[in-house]
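Chains as they are written, first to last, in my numbering: chain A, 783 to 975; chain B, 199 to 268.
Written below as structure tokens is the structure these notes are about.
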Amino acid sequence: MNARRVLYLVSFCALSATAATAFEEPPAAAEARAIASRFQQELGGKLKAAMAEGGPVNAVRICKDEAPAIAARLSRETGWQVRRIGTRVRNPQSGLPDAWEQAQLADFQKRISAGEKPDTLSRFSTVDEPAGPYQRLVAAIPVAPMCLACHGDASAQPEALRAALKADYPHDTATGYKIGELRGAFSLKRAAP
Amino acid sequence: MSATNYSYRVSSVHCVACEQRLRKWFADDTQIEALTIDVPNQRVTFSARGAGLDAHFRSELHAAGYTADP
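Rendered as structure tokens:
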């Protein structure tokens, strides 16, 4: 075996070990990620159907009523506390990130600015909280084309949609987004075993 | 209105499969805000908005194949 081949093999082994370490995550992380993915798929499916059926005005109720219902059902079913958080929120009584979530959203923003794809961003961690250690996951929600009808330029919204949003969300700040920006995240937590 | 905790000792809850079965059973019960299942202590706690749900939860536990201890 010549020196070059030995060097290549050593490099390959070192890289493989690094990759294994980088991608090895605890089962709880994979479990939480799968739940976030279910949430995203269910919500996305309902939003698309509502948009097709009655346009954005019809879809407002999906984010307002169906999304919390999906989150509550997943919470009961899995034992994780499941919710969505926003970088800006429609309803300040729900969806505001806590301190740990704010730090993760800020990190996601930095990574997006550095060129990472927003739909690949997530973070799993065990966090010490006053009530004890919690396993936590946040998975980024990027702004998709479908989101822009309600979350894009507010001045471009049809009057009926603006009225519907104003009626449901008098303290709305979640407009002015552009495609690919960070809208928020799916956030899951449960007491660490 | 704050949530009320309905807590039961269910001695037949003894493993993760029991927990999963109960979670699936109660997944669509919209009266429940939070469902805590403490397997080692065989305790099931429903946090729900609404009074007088004791009979409902006992009955549903029974229907799911578990019985709340008296």
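Even for Gly, the Cβ is constructed at its ideal location relative to N, Cα and C.
Quantities reported herein were computed from a predicted structural model and do not represent experimental measurements.
Inset, instruction - Scan the stretch 912 to 960 of chain A and note each continuous beta strand (DSSP E) run of 3 residues or more that stays entirely inside, going in chain order. - result: As far as the stretch 912 to 960 of chain A is concerned, its whole beta strand (DSSP E) runs of at least 3 residues are 914 to 924.
Legend entry - Partners in chain A for residue 226(B), counting only beta-carbon separations shorter than 7 Å: Result: 855.
Legend entry - Residues in the stretch 857 to 872 of chain A having any Cβ partner in chain B nearer than 8 Å: Cβ contacts with chain B come from 857, 858, 859, 860, 861 and 863.
Legend entry - Residues of the stretch 221 to 247 of chain B whose Cβ lies closer than 9 Å to any Cβ of chain A, in chain order: Per Cβ criterion, the list reads 221, 222, 224, 225, 226, 227, 228, 230, 231, 232, 233, 234 and 235.
Inset, instruction - Buried or exposed for residue 933(A), please, with buried defined as at least 16 other CB atoms from any protein chain shown within 10 angstroms of its CB. - result: Buried, by the Cβ-count rule.
Legend entry - Every unbroken alpha helix (DSSP H) inside the stretch 839 to 906 of chain A [4 residues or more]: List check, alpha helix (DSSP H) in window: 849 to 860 and 881 to 895.
Inset, instruction - Tell me, to the nearest whole angstrom, how far the beta carbon of residue 264(B) is from that of residue 233(B); I am working on the premise that it is less than 8 Å. - result: Not quite, the Cβ-Cβ distance comes to about 13 Å (not below 8 Å), so this is no contact.
Legend entry - Proximity winner among 874(A), 873(A) and 869(A), relative to residue 743(A) (alpha-carbon distances): Only positions 783 to 975 of chain A appear in the structure, and residue 743(A) is not among them; the question remains open.
Legend entry - Residue burial classification, residue 960(A) (beta-carbon count within 10 angstroms, cutoff 16): With fewer than 16 other Cβ atoms from the protein chains shown falling within 10 Å of its own Cβ, residue 960(A) counts as exposed.
Inset, instruction - For the beta strand (DSSP E) holding residue 210(B), just list the boundary residues, first then last. - result: Premise fails: residue 210(B) is in no beta strand (DSSP E) and is neither H nor E.
Inset, instruction - Could you tell me the distance, in whole angstroms, from the CA atom of residue 920(A) to the CA atom of residue 854(A)? - result: Each residue's Cα considered, the two are about 17 Å apart.
Inset, instruction - Between the Cα of residue 236(B) and those of 254(B), 252(B) and 212(B), spot the shortest distance and give me the residue it belongs to. - result: The candidate whose alpha carbon is nearest that of residue 236(B) is 212(B).
Legend entry - Identified DSSP bridge partners for residue 971(A): In the DSSP assignment, residue 971(A) forms a beta bridge with 863(A) and 918(A).
Legend entry - Cβ contact check for the stretch 953 to 969 of chain A and the stretch 867 to 885 of chain A: 3 or more pairs under 8 Å: Taking a cut-off of 8 Å for Cβ pairs, the stretch 953 to 969 of chain A and the stretch 867 to 885 of chain A touch, as three or more such pairs fall below it.
Inset, instruction - Could you give the DSSP three-state label for residue 825(A): helix, strand or coil? - result: Assignment of residue 825(A) by DSSP, reduced to helix, strand and coil, places it in the helix class.
Inset, instruction - Go through its chain and collect everything with a Cβ distance to residue 849(A)'s Cβ below 7 Å, but skip five positions before and after it. - result: Take residue 849(A), set aside five residues on each side of it, and the residues of its chain with a beta-carbon closer than 7 Å to its own are 825 and 866, in chain order.
Inset, instruction - Could you have a look at residue 966(A) and say whether DSSP puts it in helix, strand or coil? - result: DSSP places residue 966(A) in strand when its eight states are reduced to three.
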